[in-house]
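To keep things clear, I will list the structure first and then write my remarks on it.
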Amino acid sequence: MNIISCAICGSTNSKKLLTSHDKYIRVDNTKFTLVRCSVCELVYLNPQPTMEELVKYYPSHYPSYLPEYKVLEENRLLAFLKGIKKLITPPSSSASSPNETSSDTSRLRVLDFGCGSGRFLLSMRLAHPLWELHGFDISTNKEIKSIGHDVSIILDAPDTIGSYFEHESFDRIYLNNVLEHVNDPVATLRMLTTLLRLDGEMVIEVPNIDSIKFKIFRSNFFPLEIPRHLYHFSPLTLSKLCRKCGLSIIEVHKIGSAKGTVRSLYYALGIHKDKIDPLLLLVIDKMSKLLGEKWINDDSMIARVKKAAPNQSDAQKDVLSTHRDEGTFS
Ligand SMILES: [Zn+2]
Numbered sequence: 001m002n003i004i005s006c007a008i009c010g011s012t013n014s015k016k017l018l019t020s021h022d023k024y025i026r027v028d029n030t031k032f033t034l035v036r037c038s039v040c041e042l043v044y045l046n047p048q049p050t051m052e053e054l055v056k057y058y059p060s061h062y063p064s065y066l067p068e069y070k071v072l073e074e075n076r077l078l079a080f081l082k083g084i085k086k087l088i089t090p091p092s093s094s095a096s097s098p099n100e101t102s103s104d105t106s107r108l109r110v111l112d113f114g115c116g117s118g119r120f121l122l123s124m125r126l127a128h129p130l131w132e133l134h135g136f137d138i139s140t141n142k143e144i145k146s147i148g149h150d151v152s153i154i155l156d157a158p159d160t161i162g163s164y165f166e167h168e169s170f171d172r173i174y175l176n177n178v179l180e181h182v183n184d185p186v187a188t189l190r191m192l193t194t195l196l197r198l199d200g201e202m203v204i205e206v207p208n209i210d211s212i213k214f215k216i217f218r219s220n221f222f223p224l225e226i227p228r229h230l231y232h233f234s235p236l237t238l239s240k241l242c243r244k245c246g247l248s249i250i251e252v253h254k255i256g257s258a259k260g261t262v263r264s265l266y267y268a269l270g271i272h273k274d275k276i277d278p279l280l281l282l283v284i285d286k287m288s289k290l291l292g293e294k295w296i297n298d299d300s301m302i303a304r305v306k307k308a309a310p311n312q313s314d315a316q317k318d319v320l321s322t323h324r325d326e327g328t329f330s
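The sequence shown begins at 1 in my numbering and counts up by one.
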């Protein structure tokens, strides 16, 4: 475990938020501490486990790596796809997404960074037969590489991705629940920014630490997923991170589900269940709708981002640097 400084602003001043352990897969009871940066408000694990220490928290049955990834994720995938659809096809405008055409004759070159079992890529293949689809993941499960359907998948360490693809070669890059897992989100995002075309877009989904459910459930908030989630972003800190990496946010859309609430409730009650009680799910779902789904279901956020104009950031100048320098955000 390493004591680290804030990844966004470099400050070492932070406030302890809570201490908790792995409640999702329950690998062990080791305690980890979540802090909030006193300067830029980024929430992160500190001390932070190294990649070597984290290996055991990603066992072969980790849901993201299973083809039968259905515990909570069927619902989350649907919410994610709906969220993306809303983001890229705003009802009031037909011209806001130059890469999307109604007849989908486009041939976008797309990268899913942290593609897991490749399910999202396959769902994209169904919707977009002409797109050139690439996946990249750290997984050691070699079966993922042979998902077929003309989807190319590379399995390697995240920092090697630059050696596989040329600069500015992707129209769209997806990071679906990935950024919170990486040790250095600044280096990762800067590296991916170099792969994005000037008029391309990145779509980033991360848990939302500003969620009303975090305020209610605290250490039992399901998306904390300690210790696999090393960073927790809010719309504000995600925007700061993007600016530091030469990106700017076009739009943020919040999503969530009753299943996430039920999981959090189980944690709070100390119930260990792999399957969710359908009756409880129905009750929570109805309650969420009654109370206002839009502001209750905010567990995660999907941000649509683009390259910032050159005068907005000088981050591109030191794109390969992993040094966490002093930021200028306030
Ligand atoms: Zn900070």
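We put the beta carbon where it would ideally sit given N, CA and C, even for glycine.
Residue i CB to nearest heavy atom of ligand 1 below 6 Å
i, result
"Val-35", "no"
"Ser-344", "Given a span of 1 to 330 for the chain in the structure shown, any question on residue 344 remains unanswerable."
"Cys-242", "no"
"Ile-8", "yes"
"Cys-40", "yes"
Neighbourhood of residue i by C-beta distance below 6 Å, restricted to the same chain and skipping five residues each side
i, result
"Met-191", "Gly-162"
"Phe-32", "Leu-45, Ile-226, Pro-227"
"Leu-111", "His-134, Phe-170, Ile-173"
"Ala-95", "The predicted position of Ala-95 is uncertain, since its pLDDT is 35 and thus under 50; a value taken from the coordinates is nonetheless stated next. So no residue of the chain qualifies."
"Val-206", "Leu-179, Glu-180, Phe-233"
"Ser-211", "Asp-298, Asp-299"
"Ser-20", "Ser-219, Ile-226"
Environment of residue i [buried if 16+ CB atoms lie within 10 Å]
i, result
"Lys-70", "With a pLDDT of 41 at Lys-70, under the threshold of 50, the predicted position of this residue should be treated as unreliable, though the coordinate-derived value follows. That one is exposed."
"Tyr-24", "buried"
"Trp-295", "exposed"
"Thr-194", "buried"
"His-229", "buried"
"Phe-181", "The amino acid at residue 181 is misidentified as Phe; the sequence shows His. Answer is buried; the Cβ neighbour count reaches 16."
"Glu-41", "buried"
"Ala-258", "buried"
"Asn-176", "buried"
"Leu-198", "exposed"
"Met-301", "buried"
"Arg-304", "buried"
For residue i, the residue or residues it bridges with in DSSP
i, result
"Cys-37", "Ser-14"
"Ile-173", "Leu-111, Met-202"
"Ser-257", "Answer is none; Ser-257 lacks a bridge partner."
"Ala-303", "Ile-204, Val-252"
"Ile-154", "Phe-136"
"His-232", "Val-43"
"Phe-217", "In DSSP, Phe-217 forms no bridge with anything."
"Leu-247", "Lys-307"
"Thr-19", "Thr-33"
"Leu-196", "Phe-170"
"Asn-2", "Gln-48"
Cα-Cα separation, residue i to residue j
i, j, result
"Thr-12", "Ile-147", "44 Å"
"Val-283", "Asp-277", "10 Å"
"Glu-201", "Arg-172", "5 Å"
"Leu-18", "Gly-10", "21 Å"
"Glu-68", "Pro-310", "Only weak support exists for where Glu-68 lies, its pLDDT of 42 falling under 50; the value from the coordinates is given anyway. Each residue's alpha carbon lies about 43 Å from the other."
"Glu-74", "Phe-120", "Low confidence applies to Glu-74: its pLDDT is 48, below 50, so where it sits in the model is not reliable enough to give any reading."
"Thr-30", "Arg-107", "47 Å"
"Thr-261", "Leu-241", "27 Å"
"Ile-204", "Leu-122", "18 Å"
"Leu-247", "Lys-307", "4 Å"
"Met-1", "Lys-56", "14 Å"
"His-128", "Pro-47", "43 Å"
"Val-39", "Gly-292", "33 Å"
"Phe-113", "Val-178", "8 Å"
"Ile-4", "His-272", "32 Å"
"Arg-109", "Glu-52", "33 Å"
"Lys-289", "Asp-299", "15 Å"
"Arg-36", "Thr-237", "11 Å"
"His-253", "Leu-54", "30 Å"
"Thr-160", "Cys-115", "15 Å"
"Cys-6", "Ile-249", "21 Å"
"Gly-256", "Met-287", "14 Å"
Same chain, Cβ closer than 7 Å to residue i, five either side skipped, listed in chain order
i, result
"Ser-264", "Lys-213, Phe-217, Asn-220, Phe-221, Phe-222"
"Cys-158", "Checking the displayed sequence, the identity of residue 158 turns out to be Pro instead of Cys. The answer, listed in chain order, is Ile-138, Val-182, Thr-188."
"Asp-28", "Asp-22"
"Ile-209", "Val-43, His-232, Phe-233, Ser-234"
"Ile-144", "Ser-117, Gly-118, Asp-137, Ile-153, Leu-155"
"Val-196", "Per the sequence presented here, residue 196 reads as Leu, with Val not at that position. Correct list, in chain order: Glu-168, Phe-170, Ile-173, Met-202, Lys-307."
"Lys-16", "Thr-33, Val-35"
"Thr-322", "Because Thr-322 carries a pLDDT of 37, less than 50, the predicted location of this residue cannot be relied on, and the following value inherits that uncertainty. If we look at Thr-322 and ignore the five residues flanking it on each side, its Cβ neighbours are Asp-184, Ala-187."
"Asp-285", "Ala-258"
Residue i beta carbon near ligand 2 (any heavy atom closer than 6 Å)
i, result
"Met-51", "Ligand 2 is not part of this structure, which contains only ligand 1."
Sequence-distant residues of the same chain with beta carbon closer than 8 Å to residue i, five excluded per side
i, result
"Arg-125", "Trp-131, Leu-133, His-149, Asp-150, Val-151"
"Ser-60", "Asn-141"
"Leu-280", "Val-262, Leu-265"
"Ala-268", "Phe-217, Asn-220"
"Thr-50", "Met-1, Asn-2, Asn-183"
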